[in-house]
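Enquirer:
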Amino acid sequence: MSRTSSGPEWSGDMLTRPEMVEAFSTQLRGVLKSQAQFVADVRQEAEAMWKANRPEGYSSFEAWWRHRWLCGPFREIQEHLEDAAKLTFELEARYRKGRHELPAARQAAALEKKQAKQATQVTGGHTAVPPKPVAPPTAGAGTSRDFLELVNQERSA
């Protein structure tokens, strides 16, 4: 989908920073509010025109029913637009929390845990397994020993 204006095309990676999401949701909220106001104006005029120019031949109930039938969708559309504008706050908060606050908190906790682990290793606070004693060399120390034999001896010990 191409744009004919000189502005850049939208892509999802534009919303990587909280200030970008804040600007997007603010702009979207403004558009939704202006559209809701437009629908409210049309609804107000339709209601006023209907009340001022009731068609002849309708009973009062039928006139009320047709008025409701005509203006009801305007009211619903206006309410949906207002609700959508309110949801932009949730969009912004969820994005900020899910993409920035929670990962930063997790990263800080992991870093703190890593630093605590390193601190205990440096101070000797952890209980390390002492090294196994080395067997004294035997009389045949000059002869080469087999690696697998040494591994097997270590496993059996």
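Heads up, the final residue of the sequence shown is numbered 928 in the working numbering, and it's a clean run with no missing numbers.
The C-beta atom is built at its ideal place from N, Cα and C for all residues, glycine as well.
1) Pick helix, strand or coil for residue 829, following the three-state DSSP scheme.
2) Go ahead and label residue 830 buried or exposed: buried means 16 or more other beta carbons lie within 10 angstroms of its beta carbon, across all protein chains shown.
3) Measure from the alpha carbon of residue 819 to the alpha carbon of each residue in 842, 893, 855, 806, then state which is nearest.
4) I'd like the list of long-range same chain contacts for residue 893, defined as Cβ closer than 6 Å, with 5 residues on each side in sequence excluded.
5) Rounded to a whole number of angstroms, what is the C-alpha to C-alpha distance between residue 860 and residue 836?
6) Are the beta-carbon atoms of residue 862 and residue 810 separated by less than 9 Å?
7) Looking only at C-alpha atoms, which of 864, 848, 871 sits nearest to residue 804?
8) Since residue 880 and residue 852 are thought to touch, with beta carbons under 8 Å apart, how far apart are those beta carbons, to the nearest angstrom?
9) On the CB-based measure, 16 or more other CB atoms within 10 Å of its CB, does residue 930 come out buried or exposed?
10) What are the boundary residues of the alpha helix (DSSP H) that residue 801 is part of?
11) By Cβ distance below 7 Å, which residues in the same chain neighbour residue 800 in space, the five residues on each side in sequence not counted?
12) Tell me whether residue 796 is buried or exposed, calling it buried when 16 or more other Cβ atoms sit within 10 Å of its Cβ.
13) For residue 788, collect the residues of the same chain with a Cβ closer than 7 Å to its Cβ; drop the 5 residues on either side in sequence, then sort them by chain order.
14) Apart from the five residues just before and just after residue 817, which ones in its own chain have a Cβ nearer than 8 Å to its Cβ?
Expert: Walking through what the data contain:
1) coil
2) exposed
3) 842
4) none
5) 37 Å
6) no
7) 848
8) Between residue 852 and residue 880 the Cβ distance is about 41 Å, and since that is not below 8 Å, they are no contact.
9) The displayed coordinates of the chain run from 772 to 928. Any statement about residue 930 would go beyond what the structure contains.
10) 789-823
11) 856, 859
12) buried
13) none
14) 841, 842, 845
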